[in-house]
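The next block holds one structure in the form of structure tokens; read it before the comments.
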Ligand SMILES: Cc1cc2nc3c(=O)[nH]c(=O)nc-3n(C[C@H](O)[C@H](O)[C@H](O)COP(=O)(O)OP(=O)(O)OC[C@H]3O[C@@H](n4cnc5c(N)ncnc54)[C@H](O)[C@@H]3O)c2cc1C
Ligand SMILES: Cc1ncc(C[n+]2csc(CCOP(=O)(O)OP(=O)(O)O)c2C)c(N)n1
Ligand code: SF4
Ligand code: SF4
Ligand code: SF4
Ligand SMILES: [Mg+2]
């Protein structure tokens, strides 16, 4: 960690995005995590993604639970709304926030302990109900904050820093999200921002439950040989299925692709996802095949990364519940209290 | 340092060039080091650091041309550079009695005698360097006081005599014999006196003439600027006309016009051929002149001096227009519009020339086609092996700090020559050492926090007072508080970021924390190609890319040195100490230095 805040020099002359903000405007307090923590890289990727998407910081709500990962919302988007909830309970608080104000961009930050251990029940329901959130798990295989106990995503047979083998079967959050009906599911690595930033952008622009499992090494407790969540292990076993480019509604497509090499997926708000296939024959729009392929690669000890599944034209919780179109804080007296006639009609319908 | 051949990445040897101010200073003064000493209240040591490098800290702290300031890194990340020059004066003003700290000349001399012609900064530097090595040095000057043009040209309101006396005195105190009032009128005769070596530091003493119609007739009221300034300095001139025209746009013109205002001239116009921005005078000199009520007029070419009955009445000019051709070359196009500016006196400040009437042309000392001595520019040795040159007399008129730097160079050559060594092959190299500044996980031996203070303004005497007394020093100097504020603005560019690929785990932490985004990990390529693929644009081609290979993924680490703030955050964030902050101690070779070479040790330390 460092004590000094980033100097402000040059901050004003740095490039600005379409709405006039510099990247520094999307930063937060100085991180207190261990130097070299993957979580800090994820924060940097989030800053980059929000900057590139021209999202106003004060129109964002960042939600989290407890853990080193869940602390990180303090280290980005210092001008946004946020809620640091109880351990494993971020999804229900986020659900409330989403229902109250559907116009905010919602990002949830959690850890493998926060989500796969104590919070697994909450996670399951957020996914299956289609909560409109970019849900990011910073997955290091341990409880970093409580000093390195195995979490529920630690691979069976992997070793702790002290050499103890993990005997329990791992939970694969990507497999779970797929099975539970999440409509945007990705896996990435904190050490590969070229891959991670567009995945976060796509998730932020996705309407519905978007889930990204980011393998994010814990330098202090889980970066040794014998760990399957170390920088070296992930680099050696990483198989990326595609590269994503996120094209905003009014933005031109400038990159040239060979015909047939790119697949275009449209999102609800007009954002296009350009998916360039890499080596493997992989179809990110087929949920069942995705699940099968994932299991096959897991069995080989390899890590599939990229946008693993996306449902074109997906819908979210608001749609399912047919909620009011406006944020609740914008409803006026007239809408909230429509008068005796309407009440009488309602009562009559229930008789 | 980066090479343009991917795959072959040598250990860094460019780190001393990252210290922009020290690199730009002709004498390579360790600027950040003396600024830190000032911040620590160690003024005497700060003065000492300066004295070894530039011999005249108090003088230069007032009137240096400051090539370091436009080069200063702070100027690239903030509105204005560090006030490097003024801080030398702080050290000089606050140092107290320094005599005990300054070295003494060895009691036992080495038996060799060296003569220096001229007592300007070049000769005084040669004398200081050689006296410390045990040489018996004698300086001859035709004038009555030591200091050369620092004494005779620079007006006292910019540089008081007391400062010149003090600093010339420190050189004389090293058993250097200063013989004044002795004009050398024959190099042949001087050589026959049996000196082991002769150094020529006679400056560029002739002011360029304005050969225009009416010059002869109006002679009584037309003066050559540098002659007039010298007469002023030595008290031979005490009055000036009411209306004065100064021809020329360099620093001499600025000194002339500002002096004329102080002598009581009411209407002072500096009239220049070029446009305002193209004028040679330093921006701050122009500013001061304007502030003191001088009118600066541009794009006017003098045609004739007007006169009646041998009395100057004015100068006629033609207005010109500045035009640029397709290649951007500037040309002054006549407009046919004439104007006569009425005046009582003209000061001609249109340039200086070298002249060597006292050097016989049959001694074997070769001159080039422009009448300048033919020299080896690296050694400043002439075609007569025992005769060396330095300062304005060597390569044409420049400034004090260049004269000092050339003095050091000539002293190294003289020392080698008199020790029977080859002045080229046996030349000592600079010494560069690197020392880690780490004192704890996030504790450094220097103040790594970046201050966001603005540059301190120099307090000055009130204008009414300044214009009344030509000897009253205008600038008052920084007090301790201003000095500390200004010192804190320095980015400590000598605290180098040094990367060790072997220990890097490529976690990206340094990339993420760097406030100026100057670090990138990417596929190798040539410098030109790499520059297109960095995290932040790298358009400043004068600043190097630091490229290191040897990473596990086969990528390279590329750091654009241009905007690094030396904040050390990369190093604090690195979990494996792959980044370290090492202090670059760069000691330029002086007479007596041992052989070695630039960068050799730097490479050895980091390898
Ligand atoms: C008006 C003016 C203002 C300037 N202002 C600045 C400034 O603000 N900052 C700056 O850095 N530079 C300034 N300069 C330039 C600076 O003064 C010179 O570059 C510098 O002094 C050159 O040093 P030097 O040792 O080569 O010779 P000089 O300083 O020129 O000294 C040469 C000495 O040699 C003596 N001499 C010459 N021939 C003989 C002989 N045959 N026998 C005996 N003695 C001889 C002369 O009397 C003189 O004292 C200014 C110059 C002028 C003209
Ligand atoms: C209800 C509750 N139970 C247990 C804890 C203790 N605790 C704090 S953080 C944490 C684990 C965090 O692990 P993870 O979510 O993976 O975050 P990491 O620190 O690894 O990023 C635990 C068990 C708690 N704070 N609250
Ligand atoms: S910031 Fe300091 S060290 Fe860097 S160039 Fe300026 S004065 Fe020199
Ligand atoms: S010292 Fe390091 S973190 Fe600071 S600006 Fe330089 S490279 Fe960036
Ligand atoms: S912080 Fe250190 S280990 Fe991480 S990428 Fe930078 S140099 Fe390498
Ligand atoms: Mg964890």
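Chains as they are written, first to last, in our numbering: chain A, -8 to 342; chain C, 256 to 862.
Heads up, the beta-carbon is just placed ideally off N, CA and C, and yes, glycines get one too.
From a predicted model like this one, the values you see are computed outputs, not experimental measurements.
Check: In this structure, how does DSSP classify residue 734/C when only helix, strand and coil are distinguished?; Outcome: coil
Check: Going by other Cβ atoms of all chains shown within 10 Å of its Cβ, with 16 needed for buried, is residue 862/C buried or exposed?; Outcome: Summary for residue 862/C: the model assigns pLDDT 31, below 50, so the residue's position carries little reliability, and this model does not support an answer.
Check: Taking only beta-carbon positions, decide if residue 345/A is within less than 8 Å of chain C.; Outcome: Nothing can be reported for residue 345/A, as the shown portion of chain A is limited to -8 through 342.
Check: Looking only at its own chain, which residues have a Cβ that is under 6 Å from the Cβ of residue 115/A, when we skip the five neighbours before and after it?; Outcome: 171
Check: Where does residue 291/C sit, in a helix, a strand or coil, going by DSSP?; Outcome: helix
Check: Check whether the Cβ of residue 135/A lies closer than 8 Å to any Cβ atom in chain C.; Outcome: no
Check: Under 8 Å between the Cβ atoms of residue 407/A and residue 315/A?; Outcome: Nothing about residue 407/A can be reported from this structure: the residues present for chain A run from -8 to 342 only.
Check: Which residues share a DSSP beta bridge with residue 149/A?; Outcome: In the DSSP output, where bridge partners are listed per residue, residue 149/A has none listed.
Check: How is the alpha helix (DSSP H) around residue 184/A delimited, first residue to last?; Outcome: 184 to 195
Check: Using a Cβ-Cβ cutoff of less than 7 Å, which residues in the same chain neighbour residue 327/C once the five nearest sequence positions on both sides are dropped?; Outcome: 275, 276, 336, 337 and 339
Check: Can you tell me whether residue 358/C sits near ligand 3, meaning its C-beta is under 7 Å from at least one heavy atom of the ligand?; Outcome: no
Check: Using a Cβ cut-off of 9 Å, which residues of the region 6 to 34 of chain A contact any Cβ in chain C, in chain order?; Outcome: 6, 14, 15, 21, 22, 25, 26, 27, 28, 29, 31, 32 and 34
Check: Alpha carbons only, please: which of 803/C, 778/C, 815/C and 788/C is nearest the one belonging to residue 795/C?; Outcome: 815/C
Check: Within the chosen definition, does the region 463 to 476 of chain C reach the region 427 to 446 of chain C through at least 3 CB pairs nearer than 8 Å?; Outcome: no
Check: Apart from the five residues on each side of it in sequence, which residues of its chain come closer than 8 Å, Cβ to Cβ, to residue 618/C?; Outcome: 442, 443, 446 and 639
Check: Would you mind telling me which residues of chain B sit closer than 7 Å to residue 441/C, beta carbon to beta carbon, in chain order?; Outcome: Absent from the structure: chain B. Protein chains present are A and C.
Check: Starting from the N-terminal side, write out each stretch of the alpha helix (DSSP H) that is 4 residues or longer and does not extend beyond the region 505 to 534 of chain C.; Outcome: 506 to 518
Check: At the level of alpha carbons, what is the spacing between residue 50/A and residue 708/C?; Outcome: 33 Å
Check: Check for me: the alpha helix (DSSP H) holding residue 312/C runs from which residue to which?; Outcome: 312 to 318
Check: With DSSP run on the structure shown, which of helix, strand or coil describes residue 742/C?; Outcome: helix
Check: Just the C-alpha distance for residue 497/C and residue 522/C, rounded to the nearest angstrom, thanks.; Outcome: 6 Å
Check: List the whole-angstrom C-beta distance separating residue 173/A from residue 161/A, where the pair is believed to meet the contact cut-off of C-beta under 8 Å.; Outcome: So it is not a contact: roughly 19 Å between Cβ atoms.
Check: Is there contact between the region 252 to 272 of chain A and the region 234 to 241 of chain A, where contact requires at least three CB pairs shorter than 8 Å?; Outcome: yes
Check: Assuming residue 863/C and residue 800/C are in contact, meaning their beta carbons sit under 8 Å apart, how far apart are those beta carbons, in whole angstroms?; Outcome: Because chain C here runs from 256 to 862, residue 863/C falls outside it and cannot be looked at.
Check: On the three-state DSSP scale, how would you describe residue 583/C?; Outcome: coil
Check: I need the DSSP call for residue 258/C, collapsed to helix, strand or coil.; Outcome: Confidence is the limiting factor: at residue 258/C the pLDDT is only 44, short of 50, which leaves the residue's position unreliable, though a coordinate-based value still follows. In this structure, residue 258/C counts as coil in the three-state DSSP scheme.
Check: Leaving out five residues before and five after residue 286/C in sequence, what residues of the same chain have Cβ atoms less than 6 Å from its Cβ?; Outcome: 276, 277 and 339
Check: Determine which residues share a DSSP beta bridge with residue 814/C and list them.; Outcome: 774/C and 801/C
Check: Between residue 647/C and residue 459/C, is the Cβ-Cβ spacing less than 8 Å?; Outcome: yes
Check: Nearest to residue 296/A by alpha carbon, out of 321/A, 266/A and 121/A?; Outcome: 266/A
Check: Within the chosen definition, does the region -8 to 11 of chain A reach the region 41 to 50 of chain A through at least 3 CB pairs nearer than 8 Å?; Outcome: yes
Check: So, helix, strand or coil for residue 233/A, using DSSP?; Outcome: strand
Check: Any idea what DSSP makes of residue 249/A, helix, strand or coil?; Outcome: coil
Check: Check each candidate in 823/C, 841/C and 298/C and name the one with the smallest Cα separation from residue 835/C.; Outcome: 823/C
Check: What did DSSP end up calling residue 617/C once you bin it into helix, strand or coil?; Outcome: coil
Check: Quick one: complete beta strand (DSSP E) runs, 3+ long, within the region 17 to 77 of chain A?; Outcome: 51 to 55 and 72 to 75
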